[in-house]
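In this note's numbering, the protein residues as written are 366 to 688.
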Amino acid sequence: MTRSTAVPDTPTPLPRHLAVLVLLCMGCAFAGNHVAARAAFDDGAGVLLAILLRSGGTLLVLAAMVLWQRQNLRLPQGVWRWQLALGLLIAAQSLCLYSAVARVPVALALLVGNVFPILLALLTWALGGPRPTARTAALMGMILVGLVFVLEVPARLSSQESVGPQWLLGVGLAFCAACVFACALWITDHKLSQVRGSVRSLLTIFIVFSSVNLAGLTGALPGGFDLPASSTGWFALATLVVLYGTGFIVLFISVPRLDMPRNAPVMNIEPLATLLIGWLVLDQMLNPGQVIGGAIVVTGIVLLTYRKVERIKAPVAEAAGRS
Numbered sequence: 366m367t368r369s370t371a372v373p374d375t376p377t378p379l380p381r382h383l384a385v386l387v388l389l390c391m392g393c394a395f396a397g398n399h400v401a402a403r404a405a406f407d408d409g410a411g412v413l414l415a416i417l418l419r420s421g422g423t424l425l426v427l428a429a430m431v432l433w434q435r436q437n438l439r440l441p442q443g444v445w446r447w448q449l450a451l452g453l454l455i456a457a458q459s460l461c462l463y464s465a466v467a468r469v470p471v472a473l474a475l476l477v478g479n480v481f482p483i484l485l486a487l488l489t490w491a492l493g494g495p496r497p498t499a500r501t502a503a504l505m506g507m508i509l510v511g512l513v514f515v516l517e518v519p520a521r522l523s524s525q526e527s528v529g530p531q532w533l534l535g536v537g538l539a540f541c542a543a544c545v546f547a548c549a550l551w552i553t554d555h556k557l558s559q560v561r562g563s564v565r566s567l568l569t570i571f572i573v574f575s576s577v578n579l580a581g582l583t584g585a586l587p588g589g590f591d592l593p594a595s596s597t598g599w600f601a602l603a604t605l606v607v608l609y610g611t612g613f614i615v616l617f618i619s620v621p622r623l624d625m626p627r628n629a630p631v632m633n634i635e636p637l638a639t640l641l642i643g644w645l646v647l648d649q650m651l652n653p654g655q656v657i658g659g660a661i662v663v664t665g666i667v668l669l670t671y672r673k674v675e676r677i678k679a680p681v682a683e684a685a686g687r688s
């Protein structure tokens with residue numbers, strides 16, 4: 366017999382200093398995953414190959430855990446279409462974000478991609494949810510001001526030099542990743558909240574893995590399955606799989622004990638960790654103005670999400686898919 370899909374009693378939370386340490390480590394792991402991805406892409410690896418390996422490795426571990434716990438994979442009636450939509454959205458988000466990482470500095474892609482809380486608040490309002498408060502609107506404006514500095518808008522407008530198609534495409538893909546991820550979180554919160562987190566996460570990763578396989582086999586993205594040119598690229602791909610899989614699984618296991626309504630904003634260390642790791646590993650560095658803008662963006666996101674994390678507690682495992 367399979368066990369019930371009802372969520373069990375909440376385990377005792379970890380001491381806050383341990384919970385914060387776990388979240389900091391997970392944020393750094395996801396940041397390292399992006400940097401490793403860029404190193405693999407620079408060595409010739411295809412974007413689809415990176416997503417396939419990371420989702421495949423995570424799928425194997427997550428499937429073993431769900432089978433060991435004997436979880437029931439049956440979904441309530443009428444929910445499958447939303448689960449399929451969620452998996453496809455996360456696949457699209459992964460593709461957009463990795464494609465952005467391949468074109469622009471990793472920290473820049475992450476900062477643009479992390480504006481999803483603004484888009485989620487606006488989407489929720491547009492679909493009949495509560496209107497953003499004056500405090501929320503002010504923080505959204507703060508984040509946008511920070512992005513102006515991150516993207517060097519004044520300097521680029523006054524410069525006679527073209528920013529180049531790769532830069533524009535990379536920034537556009539990062540923003541698309543934020544839009545898609547906001548839609549995925551809305552579906553999780555409003556259409557799949559009754560599905561057990563372990564089942565939802567497993568099915569989401571399975572759909573990501575399957576859709577990426579299909580895209581590669583049909584040639585929808587030429588070069589998507591290209592292999593690295595050297596051992597450096599293979600090492601970067603292996604690092605990517607380990608960091609992403611470890612972060613996803615540890616976060617998945619630990620969420621019930623991390624007191625997410627209180628501690629979730631700690632995960633916003635990811636863009637800053639990406640900036641540091643990108644500088645150390647890839648010699649990528651934003652200028653002082655961009656760093657100040659990044660600090661403004663991260664501060665605004667922390668303040669914006671601090672009062673909203675109770676709503677995103679359920680999809681936190683899927684949130685790892687943005688990395």
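All C-beta atoms, glycine included, are put in the ideal place defined by N, C-alpha and C.
Computed from a predicted model, the values in this text were never measured in an experiment.
Quiz item: Given a threshold of 16 other Cβ atoms within 10 Å of its Cβ, counted over all protein chains shown, does Ala404 qualify as buried or as exposed?
Solution: Translated into positions along the sequence shown, residue 404 becomes position 39. Buried: at least 16 other Cβ atoms inside 10 Å.
Quiz item: Gln436 by DSSP, collapsed to three states: which one?
Solution: Taking the first residue of the sequence shown as position 1, residue 436 is located at position 71. The answer is strand: DSSP assigns Gln436 an E or B state.
Quiz item: When the distance is taken between beta carbons, is Arg468 closer than 9 angstroms to Leu538?
Solution: As a position in the sequence shown, residue 538 is number 173, starting the count at 1. As a position in the sequence shown, residue 468 is number 103, starting the count at 1. In contact: Leu538 and Arg468 (Cβ atoms closer than 9 angstroms).
Quiz item: Relative to the C-alpha of Leu641, which residue among Leu379, Gly397 and Gly409 is closest?
Solution: If you number the sequence shown from 1, residue 641 lands on position 276. Checking every option, the nearest Cα to that of Leu641 belongs to Gly397.
Quiz item: Which residue comes first and which comes last in the alpha helix (DSSP H) that contains Ile572?
Solution: The sequence position of residue 572 within the sequence shown is 207, counting from 1. Ile572 -> alpha helix (DSSP H) spans Gly562 to Leu582.
Quiz prompt | Buried versus exposed call for Pro593 [16 or more other C-beta atoms within 10 Å across all chains shown] | solution = Here the question's residue 593 lines up with position 228 in the sequence shown. Classification for Pro593: buried.
Quiz item: Taking the alpha-carbon positions, what's the Val426 to Ile572 distance?
Solution: Translated into the one-based positions of the sequence shown, residue 426 becomes position 61. Translated into the one-based positions of the sequence shown, residue 572 becomes position 207. For Val426 and Ile572, the distance between alpha carbons rounds to 15 angstroms.
Quiz prompt | Reference Pro530, options Thr501, Leu567 and Ala465, closest by Cα | solution = Position 165 of the sequence shown, counted from the first residue, corresponds to residue 530. The option with the nearest alpha carbon to Pro530 is Ala465.
Exercise. Please classify Arg381: is it buried, with 16 or more other beta-carbons within 10 angstroms of its beta-carbon, or exposed?
Key: Working through the sequence shown from its first residue, we reach residue 381 at position 16. Arg381 comes out exposed.
Quiz item: Where Leu487 and Gly588 are concerned, what is the direct C-alpha to C-alpha distance, given to the nearest angstrom?
Solution: Reading the sequence shown from its first residue, position 122 is the one you call residue 487. Reading the sequence shown from its first residue, position 223 is the one you call residue 588. Looking at the two C-alpha atoms, the distance is approximately 36 angstroms.
Practice problem: Excluding the 5 residues preceding and the 5 following Gly421 in the sequence, name in chain order all residues of the same chain whose CB lies nearer than 7 angstroms to its CB. | Solution: Along the sequence shown, read from residue 1 onward, the residue named residue 421 stands at position 56. Result list for Gly421: Phe574, in chain order.
Quiz item: Cα separation between Leu534 and Leu476?
Solution: Residue mapping note: residue 534 aligns to position 169 of the sequence shown, counting from 1. Residue mapping note: residue 476 aligns to position 111 of the sequence shown, counting from 1. Leu534 and Leu476: Cα-Cα distance of roughly 15 angstroms.
Quiz prompt | Continuous alpha helix (DSSP H) stretch holding Arg622: start and end | solution = Working through the sequence shown from its first residue, we reach residue 622 at position 257. Arg622 -> no alpha helix (DSSP H), and no H or E assigned at all.
Quiz item: Expressed to the nearest angstrom, what Euclidean distance is found between the alpha-carbon atoms of Leu451 and Leu438?
Solution: For the purposes of this step, residue 451 is taken as residue 86 along the sequence shown, with counting starting at 1. For the purposes of this step, residue 438 is taken as residue 73 along the sequence shown, with counting starting at 1. Roughly 16 angstroms between the two C-alpha positions.
Quiz prompt | Span of the alpha helix (DSSP H) around Met505 | solution = Mapped onto the sequence shown, residue 505 falls at position 140. Per DSSP, Met505 belongs to the alpha helix (DSSP H) from Ala499 to Val515.
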